[in-house]
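Residue numbers (my numbering): 1 to 250.
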């Protein structure tokens, strides 16, 4: 009897169905989605902020006096946070201003460029143009939220006004569970961009170029940036139509 009961127990044990395994695509789906979100965030950030490297290099190459590295980093984060916040609102359908009107922010770097041209001949305190337009001339640094921080933030916002056309549909198409990951990747890349700008400004060739030609180039870079923002966003067309100067108007 005992061996027979043992055989029956073993037979029942063998016939017990094994737990069903999850399909391979289900197991891999979470990891692939996360990886896809990170890669998408990397590509979107790089495509929309490549020109920020130039501005950051000029900012860091002009550190001194009223402009310090902490102001550049804080201003870059403040400006980019504003861009992300507005883009999130746009993804929720709450963006009231059309892209063409947001493009009028391009007048900000144009105004700074004109200010830089006007002050270009001033030799007082041997400050660079970037230092003079960034805050109170001659002040030694100041707090984290001193005027230079807000100047850097304002230029960042103006320069990133064309980012809305990429970020708004991207955020709208991203599931909420992945949207937080995308935003975190964006903010991590801001630190990478700041680090790259600071390191580029320390390269001997770049540092010499900024020191020698910075005061001449900066005003025209800002003017060109503002003009590009006005044109690329469609704000220039709106302005021309309002003045009756657009083709086909009147």
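Yeah, the Cβ is synthetic: ideal placement off N, Cα and C, and Gly gets one too.
(request) Quick one: residues in its chain with C-beta nearer than 7 Å to the C-beta of residue 144, no 5 flanking neighbours on either side, listed in chain order? (result) Stepping through the chain shown from its first residue, residue 144 is reached at position 144. So the qualifying residues of the chain are 70 and 74.
(request) Would you kindly check if the distance between the Cβ of residue 227 and the Cβ of residue 110 is under 9 Å? (result) Against the chain shown, residue 110 aligns to sequence position 110. Against the chain shown, residue 227 aligns to sequence position 227. Going by C-beta atoms, residue 110 is nearer than 9 Å to residue 227.
(message) If I measure Cβ to Cβ from residue 225 and keep anything under 7 Å in the same chain, skipping five residues before and after, which residues do I get?
(response) Taking the chain shown and counting its residues from 1, the one referred to as residue 225 is at position 225. Cβ neighbours of residue 225 beyond the five flanking positions: 109 and 159.
(request) Report yes if the C-beta distance between residue 48 and residue 162 is below 9 Å; otherwise report no. (result) Indexing the chain shown from 1 puts residue 48 at position 48. Indexing the chain shown from 1 puts residue 162 at position 162. In this structure, residue 162 lies closer than 9 Å to residue 48 by Cβ.
(request) With a 10 Å radius around its C-beta and 16 neighbouring C-beta atoms as the bar for buried, classify residue 205 as buried or exposed. (result) The residue given as residue 205 occupies position 205 in the chain shown. Residue 205 should be labelled exposed.
(message) Just list the residues that DSSP pairs residue 64 with in beta bridges.
(response) Along the chain shown, read from residue 1 onward, the residue named residue 64 stands at position 64. Residue 64 pairs with 67.
(message) By alpha-carbon positions, which one of 36, 81 and 90 ends up nearest to residue 188?
(response) Within the chain shown, numbered from 1, the residue matching residue 188 stands at position 188. The option with the nearest alpha carbon to residue 188 is 81.
(request) Determine the burial state of residue 72: buried for a count of at least 16 other Cβ atoms within 10 Å of its Cβ, exposed for fewer. (result) Counting from 1 along the chain shown, the entry for residue 72 is found at position 72. Flag for residue 72 reads buried.
(request) Give every residue of the same chain whose Cβ lies closer than 8 Å to the Cβ of residue 100, excluding the five residues on either side of it in the sequence, and list them in chain order. (result) In the chain shown, counting from the first residue as 1, residue 100 sits at position 100. Shown here for residue 100: same chain residues with a beta carbon closer than 8 Å to its own, the five before and five after excluded, namely 233, 234, 235, 237 and 238 in chain order.
(message) With H, G and I counted as helix, E and B as strand and the rest as coil, what does DSSP make of residue 82?
(response) Position 82 of the chain shown holds residue 82. In this structure, residue 82 counts as helix in the three-state DSSP scheme.
(message) I'd like the span of the alpha helix (DSSP H) that includes residue 159, first residue to last.
(response) Your numbering for residue 159 matches position 159 in the chain shown. Where residue 159 is concerned, the enclosing alpha helix (DSSP H) stretches over 147-159.
(message) Quick check on residue 59: buried or exposed, where buried means 16 or more other Cβ atoms within 10 Å of its Cβ?
(response) Within the chain shown, residue 59 is the residue found at index 59, counting from 1. By the neighbour-count rule (16 or more Cβ atoms within 10 Å), residue 59 is buried.
(message) Strictly under 9 Å for the Cβ-Cβ distance: is residue 199 near chain B by that measure?
(response) Included in the structure is just one protein chain, with no chain B present.
(request) Could you name each continuous alpha helix (DSSP H) segment of 4 residues or more that falls completely within the region 213-248, going from the start of the chain to the end? (result) 235-242
(request) Kindly list the residues whose CB is nearer than 6 Å to the CB of residue 153, restricted to its own chain and excluding five residues on each side of it in sequence; keep chain order. (result) Along the chain shown, one-based indexing puts residue 153 at 153. Counting only Cβ-Cβ distances below 6 Å, and skipping sequence neighbours, we find 75, 78 and 79.
(request) Could you check the C-alpha separation between residue 170 and residue 42 for me, to the nearest Å? (result) The sequence position of residue 170 within the chain shown is 170, counting from 1. The sequence position of residue 42 within the chain shown is 42, counting from 1. About 12 Å.
(request) Ignore the nearest five residues each way along the sequence and tell me which others in residue 198's own chain have a CB closer than 6 Å to its CB. (result) Within the chain shown, residue 198 is the residue found at index 198, counting from 1. Excluding sequence neighbours, residue 198 sits near 60.
(message) Tell me the rounded alpha-carbon separation between residue 230 and residue 244.
(response) On the chain shown, residue 230 is found 230 positions in, with the first residue counted as 1. On the chain shown, residue 244 is found 244 positions in, with the first residue counted as 1. Each residue's Cα considered, the two are about 17 Å apart.
(request) Give the range of the alpha helix (DSSP H) segment to which residue 169 is assigned. (result) The residue you call residue 169 lines up with position 169 of the chain shown. Start and end: 164-173.
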